[in-house]
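For the sequence shown, position 42 matches number 56 in my numbering, and the numbering has no gaps at all.
Virtual Cβ for every residue (Gly too), placed ideally from N, Cα, C.
Just so you know, these numbers come straight off a predicted model, no measurement behind them.
To start, the structure itself, in C-alpha cells.
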Amino acid sequence: RDIHEYILVFSKDMFSRESMGRKSTISREEFLEFTKSVWTFSAEPATKVGHPAPFPVELPYRLIQLYTFEGEIVLDPFMGSGQSAIAAIKSNRNYVGYEINEKYINLAERRTREFYLKFNSPKLFESGGKL
C-alpha cells in the first residue's frame, strides 16, 4: 500500500515566521527535525481510528508547530476523523473544522472531545504534591 503524502508549501513572497509578540511553541530541536525533506512515522490504522484514510496526528502537529503560533486558529476544510483538531489541541491552538459526512462529523466530535478531556485533565500531584 502506498502510504505517503506530498506536502507543498507556497508563499507569495519570501516566507517569514515573525512572532510579532506571539508565543512560539516549537523548540530548536523540533524545528530542525520538522524542516527535514522527509518525515518518517508509523501509519495510523483505519480500523483503530474509524476512518478509511486516517493520517498520524504527528503529521498535522508538525505543520501546526511550523506555521502557527500558540492561540492562533487552524482551519481544516476536510475534517475527517479529527486528526488535525487533536493536533491543534495538543499545540494549544484554536480549531475550526468542516466535514460533510455526518458519520465522520460524529467520529471527529467524539475523538476530539475524548482527547481534549484527557489532555486537559489534572495530572496527579499537579497541585504541588498535595492530594
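Residues near Phe129 in its chain [Cβ-Cβ closer than 7 Å; skip 5 each side]: Start at 1 with the first residue of the sequence shown, and residue 129 comes out as number 115. The answer, listed in chain order, is Ile100, Ile103.
Element boundaries [beta strand (DSSP E), containing Tyr185]: This structure gives no information on residue 185, because the portion of the chain shown stretches from 15 to 145.
Cβ contact (3+ pairs, closer than 8 Å) linking the region 85-95 and the region 109-125: Touching, yes.
For Glu72, the nearest candidate out of Pro66, Thr61, Glu44 (CA to CA): Translated into the one-based positions of the sequence shown, residue 72 becomes position 58. Taking only the C-alpha atoms, the option nearest Glu72 is Glu44.
Leu89 (DSSP reduced to helix, strand or coil): Position 75 of the sequence shown, counted from the first residue, corresponds to residue 89. In the structure shown, Leu89 adopts extended strand secondary structure according to DSSP, grouped into three states.
Given Thr54 as reference, the closest of Glu19, Phe133, Asn115, Asn134 once Cα atoms are compared: For the purposes of this step, residue 54 is taken as residue 40 along the sequence shown, with counting starting at 1. Ranking the options by Cα distance to Thr54, first place goes to Glu19.
Paired residues, beta bridge with Gly111 - DSSP: Counting from 1 along the sequence shown, the entry for residue 111 is found at position 97. According to DSSP, Gly111 shares a beta bridge with Asp90.
Other residues of its chain near Lys144: CB distance less than 7 Å, five sequence neighbours each side excluded: In the sequence shown, the residue the question calls residue 144 occupies position 130. Its pLDDT being 49, under 50, Lys144 is placed unreliably in this model, and the value from its coordinates should be taken loosely. Here the set comprises nothing.
Own chain, CB closer than 6 Å to Phe29, minus 5 neighbours either side, in chain order: As a working mapping, residue 29 is identified with position 15 in the sequence shown. Result list for Phe29: empty, nothing under 6 Å.
The alpha helix (DSSP H) enclosing Phe48, as first and last residue numbers: Reading the sequence shown from its first residue, position 34 is the one you call residue 48. Its alpha helix (DSSP H) spans residues 42-48.
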